[in-house]
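**Student:**
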Amino acid sequence: MWDEEEIQEYLKVNLKATRYEHSLGVRDTAVKLAKIYGADEKKARIAGLVHDCAKYVPGDELISIASENDIAIDDVFMETPSLLHGAVAAVIAKNKMGVYDDDILSAITYHTTGKENMSLMEKIIYVADYIEPNRDFPGVDRIRKEALENLDTALLDSFNSTIKHVIDKKELLHLNTIRGRNYLISQYK
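Residue numbers for the sequence shown follow my numbering, beginning at 398 and rising by one.
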């Protein structure tokens, strides 16, 4: 597996400077959450750093890479290929960077859409991506505080906020996000 310095060099070449800084913020936030919730800090560090490595891959290339790697491409992914950047980032992490840990790869894959019954690492990366220090939008400070006390509540609020944002933009919602939200709600009834 590439060391962190090699990963950072790859990201510097393949990401815009602001997205690179975002990736560092997600890395640091993921480590902080891993410490709080007893997850593997090294895994959180790598997943947080790598999660957006495919962010600027063009849509047709995302679809092509996903197809070549047997990633299911539904109608929402076809309409909004940028949602595939998480799954393709996991392919890059594995095939180029030598990351073979399933927890890391799954957290990278689902950081964009979420999913039903998320693992602890998947939750950490999803929430870390949402609340890292460079993010600035209404409600983010409240979710940051929540994340320190209850990861599931922070995840649910992240889903809710994302869904509202996508609806306001009149874009398609991925079913994984809806299923992830519904699963969390059903767990608290």
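Even glycine gets a Cβ: it sits at the ideal position worked out from N, Cα and C.
With burial defined as no fewer than 16 other Cβ atoms inside 10 Å of the residue's Cβ, what is the status of glutamate 529: buried or exposed?
**Tutor:** Per the 10 Å Cβ criterion, buried.
**Student:** Can you give me the Cβ contacts of lysine 491 inside the same chain, cut-off strictly under 7 Å, excluding the 5 residues immediately before and after it?
**Tutor:** Answer for lysine 491: Tyr497, Leu502, listed in chain order.
**Student:** Quick one: Cα of leucine 517 to Cα of lysine 567, how far?
**Tutor:** Rounded to whole angstroms, leucine 517 to lysine 567 spans 31 Å at the Cα level.
**Student:** Identify the continuous alpha helix (DSSP H) that holds glutamate 418 and give its terminal residues.
**Tutor:** Its alpha helix (DSSP H) spans residues 414 to 434.
**Student:** Alpha carbon to alpha carbon, how far is threonine 426 from lysine 432? Give it in angstroms, no decimals.
**Tutor:** Spanning the two alpha carbons is a distance of roughly 10 Å.
**Student:** According to DSSP, is aspartate 565 part of a helix, a strand, or is it coil?
**Tutor:** Reduced to three states, the DSSP call for aspartate 565 is helix.
**Student:** So, at 6 Å on beta carbons, what are the nonlocal neighbours of lysine 452 in its own chain, with the 5 sequence-adjacent residues on each side left out?
**Tutor:** So the qualifying residues of the chain are Arg416, His482.
**Student:** What is the DSSP secondary structure of tyrosine 407, reduced to helix, strand or coil?
**Tutor:** In the structure shown, tyrosine 407 sits in a helix (DSSP, three-state: H, G or I).
**Student:** From the beta carbon of leucine 572, is the nearest beta carbon of chain C less than 8 Å away?
**Tutor:** The chain labelled as chain C is not found in the depicted structure, where only one protein chain is given.
**Student:** Residue range of the alpha helix (DSSP H) that alanine 490 falls in?
**Tutor:** Run containing alanine 490: 482 to 492, per the alpha helix (DSSP H) assignment.
**Student:** Where do the ends of the alpha helix (DSSP H) carrying serine 464 lie?
**Tutor:** Unbroken alpha helix (DSSP H) run through serine 464: 456 to 465.
**Student:** If you follow the alpha helix (DSSP H) that lysine 440 is in, where does it begin and where does it stop?
**Tutor:** Residues 438 to 447.
**Student:** What distance in whole Å lies between the Cβ atoms of valine 447 and alanine 463, which are believed to be in contact at a cut-off of 8 Å?
**Tutor:** In fact, because the Cβ distance is near 17 Å, the residues do not count as touching under 8 Å.
**Student:** State the Cα-Cα distance for the pair arginine 539 and asparagine 531, rounded to the nearest angstrom.
**Tutor:** Answer to the nearest angstrom: the Cα atoms are 15 Å apart.
**Student:** Going straight from the alpha carbon of lysine 542 to that of alanine 551, what length do you get?
**Tutor:** Taking the straight line joining both Cα atoms gives about 8 Å.
**Student:** Going by the CB atoms, is the gap between glycine 511 and tyrosine 523 shorter than 8 Å?
**Tutor:** Yes, these two residues count as a Cβ contact at 8 Å.
**Student:** From Ile460, Lys586, Met398, Ala469, pick the residue whose C-alpha is nearest to that of asparagine 573; which is it?
**Tutor:** Of the candidates Ile460, Lys586, Met398, Ala469, the one whose C-alpha sits nearest the C-alpha of asparagine 573 is Ala469.
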